[in-house]
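Chains G and D, in that order, give the protein sequences.
Going by the working numbering, the first residue of the first sequence is number -5, and it counts up by one from there.
Going by the working numbering, the first residue of the second sequence is number 3, and it counts up by one from there.
Don't be surprised by glycine CBs; every beta carbon is placed ideally from N, CA and C.
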Amino acid sequence: MSRSQPESRVLVTIAAIGGALALTVLLLTFVSSTPQAALRAFFLGPFSNRYYLGNMLNIFSTLAITGLGMAIAFRAGVFNLGGEGQLYVSALTATMTGLALASLPVMLGLPIALSVGILTGAVIAGLSGVFRYLWDTDELITSFLIASACIPIVDYLIVGPLKDQASNLLTTERVPEAFRLPRLLAPSQLNPTLIIALLLLVVAYIALFRTVRGYEWRLSGLNRQFARYGGIHTGVYIIVPMVVSGALHGLAGGLFVFGTHYATLVGFTAGLGWNGIAVALIAKRHPLGVIPAAAAFAYLESGAHIAMLHTDFTFELGTIIRAVIFLFVTATVLPHSDIAARMSGRVRPFSRKRQT
Amino acid sequence: MIYYAIEVMAPLLLAGLGGLFAELAGVLNIALEGMMLAGAFAAIVSASLTGSIAAGMLGGLIAGTVLAYLFYFVGIRMRANIFIVGLAINLLAAGSIPFLSSAMYGTKGVLRLPRVPRMPGFFVGIETGFPLLDQIFLGHSFGVYLTVPAVLLAGLVLQRTPFGLRLRSTGKNPETLRAVGLNPDRYRRAALLISGMGAGLAGSLLALRLGVYLPNVSAGRGWIALVTIYLGYKRPFGVLIAALCFALAEGVSVAAQGVLQIPGTILLGLPYILTVLAMIAYSAMRRVAPSDD
């Protein structure tokens, strides 16, 4: 996540993914009584039938939106690490709006519900942007902390007051039938989120690389002082990218409800927000790079899911894979370069020099 | 309640003191949470294997230190983003403990192992003539009495030794250190390892006091430990006061939970909110009066 990106970073990225793969193979071999079947399931499972393939593409869709949300914030030099919580809270507010508006026609009710989700994410992430603007608190940490504080509250609401009493699961009521997005590859969960995600990526690419605002946005990320010297109001490019990033997570949360689960379940985001960060880093913060990165991650995730069915006990293989990738993805192979000096500027995030 | 608060304070303080070293060396150790968790797990495992409290604490200490070395290696040596590496370590702890737990003992839930001894109380039966003081300060578990020398030692090392001076200048201005021919990375490494020991030991106290390993036993205490560093103005004695305040607050909130029926799940979010508030307060104050660090 250094603001410079030498070519050696490609190697590091490959090494990070390769390391995660190697570890996965090792773990599966170790824990499964039928390691061959488990490995087969991990590598080939996602392609073995319509159901798994569709589900993998569905994971890809959500990851593409969250990954884009991260990537465009990174582009402006701000860091949103609260995606997981933003996604989760927005899913809940979108669900609740959908339930409340059940009597409205779908063309009116669904957009309102999704907008509420978008707004929720935008506000939660925007707060961190405002804090950074006003008091220079590092948005990297505050976005993480605020989102982490929201997660137990949502958990509580789903388990407590908002629980669907008719269901045995820890879930809210399901949104009305009419509001549910159609399935594209039944019986899998694939739905129009995929199309929305791809459109968003293209729009973001054009906005970032083909417009003046996009230029200012990227310049603020490359060198905030220079951007300000050039007459750009850099404060705007702290708050707005956080808001947009949160809004995308809010949208992802809303679509996750209306397209995939039709309700908000406890813990159902299962790392989609975290993986968005990894996707953005692997994509080197480029909107179109998000496509292969999200595809790679969706493959790893669904492979891990399917392989777990072939082992003797379940564990959080996805979490471990994510940890390994996080561990190495921002590393650089150049030990003593100017990156080192620049990175040391980030070593003390609490007291970063005021750059706005 | 004060007795309970002191008991709660001990792990918080140890993790906070360790984190203070890292913070002063200019590395924000947000992996304290994961290190505490690993320390707690390792402590129960090694206490069960050996039947000894001391071995349990040593196990926790080693687990925290190992993670700290990983943090150093990737975050400092390989120059990765400190915050992402910290998160990775937290994830690694959160992901691999259930894995190890189910691989070794067949459960990823509460781990109640045989041969884990009870934490003995110290200074039991001694009377100083002040029953109230006796009640508050005596009979705590070993870890509590460990904190007193720990605070003194931390203060001494940081303020009165060349090592402490160099460590602090690593945080303030690593160029100075380079100018006199010293390698700032070595001090970052030392600071991180110390923070790993502190957090690992803190985790072992959490688990050994209960005698079992509970999933997510640290429950955000690693984050609170970070807050104590800031609220304590980055001074060991300040960390002590801040940790005591939080411990008292926890005592109050546990009591409030019973009286006011606040759901326990919501309290899990509290450490994060407090950390945000502390950060904002700290940043806002820095801008009003630029402090010396």
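*Is L164(G) helix, strand or coil when you go by DSSP?*
coil
_Beta-carbon within less than 6 angstroms of A335(G)'s beta-carbon, same chain only, minus the 5 sequence neighbours each way: which residues are those?_
Confidence in A335(G) is poor, its pLDDT being 44 and thus under 50, which makes the residue's placement too unreliable to answer from.
*asked:* In this structure, how does DSSP classify Y127(G) when only helix, strand and coil are distinguished?
replied: helix
*Specify the secondary structure class of S143(D) as computed by DSSP and reduced to three states.*
strand
*What separation, rounded to the nearest whole angstrom, lies between the Cα atoms of V25(G) and L167(D)?*
48 angstroms
*Counting only beta-carbon atoms, is V76(D) nearer than 7 angstroms to chain A?*
Chain labels in this structure do not include chain A; the protein chains are G and D.
*Is any beta-carbon of chain G found at less than 7 angstroms from that of N31(D)?*
no
_Members of the stretch 100 to 127 of chain G near chain D, C-beta cut-off 7 angstroms_ = F125
*L30(D) in three-state terms, based on DSSP*: coil
*Inspect the beta-carbon positions of D149(G) and T277(D) and report whether they are closer than 7 angstroms.*
no
*asked:* Would F320(G) pass as an interface residue toward chain D - the criterion being a Cβ-Cβ separation below 7 angstroms?
replied: yes
*Straight-line CA distance for L328(G) to L202(G)?*
Interpretation of L328(G) is limited by its pLDDT of 49, a score under 50 that renders its predicted location unreliable; no figure is taken from the coordinates.
*Hey, F54(G) and A272(G): beta-carbon distance below 7 angstroms or not?*
no
*Between the C-alpha atoms of T136(G) and S122(G), what's the straight-line distance to the nearest angstrom?*
6 angstroms
*Would you please verify whether the beta carbon of I196(D) is less than 7 angstroms from any beta carbon of chain G?*
no
*Which residue or residues does DSSP assign as beta-bridge partners of Y215(D)?*
L113(D)
*Any beta-carbon of chain G closer than 7 angstroms to the one on V47(D)?*
no
*What's the gap between the Cα of G215(G) and the Cα of L195(G)?*
19 angstroms
*For Y223(G), does the count of other Cβ atoms within 10 angstroms reach 16, so buried, or fall short, so exposed?*
exposed
*Can you give me the Cβ contacts of P186(G) inside the same chain, cut-off strictly under 8 angstroms, excluding the 5 residues immediately before and after it?*
L175, P176, L178, G253
*Listing by chain order, which chain D residues have their CB less than 8 angstroms from the CB of T136(G)?*
V278, M281, I282
*Name the DSSP bridge partner or partners of L259(G)?*
T165(G)
*Using the Cα positions of L158(D) and P238(D), report the straight-line distance between them to the nearest angstrom.*
9 angstroms
*Should I91(D) and A33(D) be called a contact, given that it needs their Cβ atoms to be closer than 7 angstroms?*
yes
*Using a Cβ cut-off of 7 angstroms, pull out every chain D residue sitting near T324(G), in sequence order please.*
A82, N83, I86
*Beta-carbon proximity list for E25(D), same chain, < 6 angstroms, skipping 5 on both sides*: I231
*asked:* Could you compute how far the alpha carbon of I319(G) sits from the alpha carbon of A289(G)?
replied: 15 angstroms
*Alpha-carbon to alpha-carbon, G173(D) and S293(D)*: Here S293(D) scores only 49 on pLDDT, less than 50, and its place in the model should not be relied on; the value that follows carries that caveat. Cα to Cα, the separation comes out at about 14 angstroms.
*Using beta-carbon positions only, say whether A96(G) and P155(G) come within less than 7 angstroms of one another.*
no
_Below-7 angstroms beta-carbon distance, I147(G) vs any chain D residue_ = yes
*asked:* Can you list, in chain order, the residues of its chain with a C-beta nearer than 6 angstroms to that of L184(G)? Leave out the 5 residues immediately preceding and following it.
replied: G48, L51, N52, L178
_Rounded separation between A35(G) and L20(G) - CA only_ = 14 angstroms
*For G63(G), does the three-state DSSP call read helix, strand or coil?*
helix
*What's the gap between the Cα of A355(G) and the Cα of N74(G)?*
What the structure shows of chain G is the stretch from -5 to 350, and residue 355(G) is not part of that stretch, so it cannot be assessed.
*asked:* So with CB distances below 9 angstroms, who are the chain G contacts of L1(D)?
replied: Residue 1(D) falls outside the range modelled here, since chain D spans only 3 to 295, and no answer is possible.
_So L15(D) contacts chain G; which residues on that side make the cut at Cβ distance below 7 angstroms?_
The contacting residues do not exist; L15(D) stays about 20 angstroms from chain G at best.
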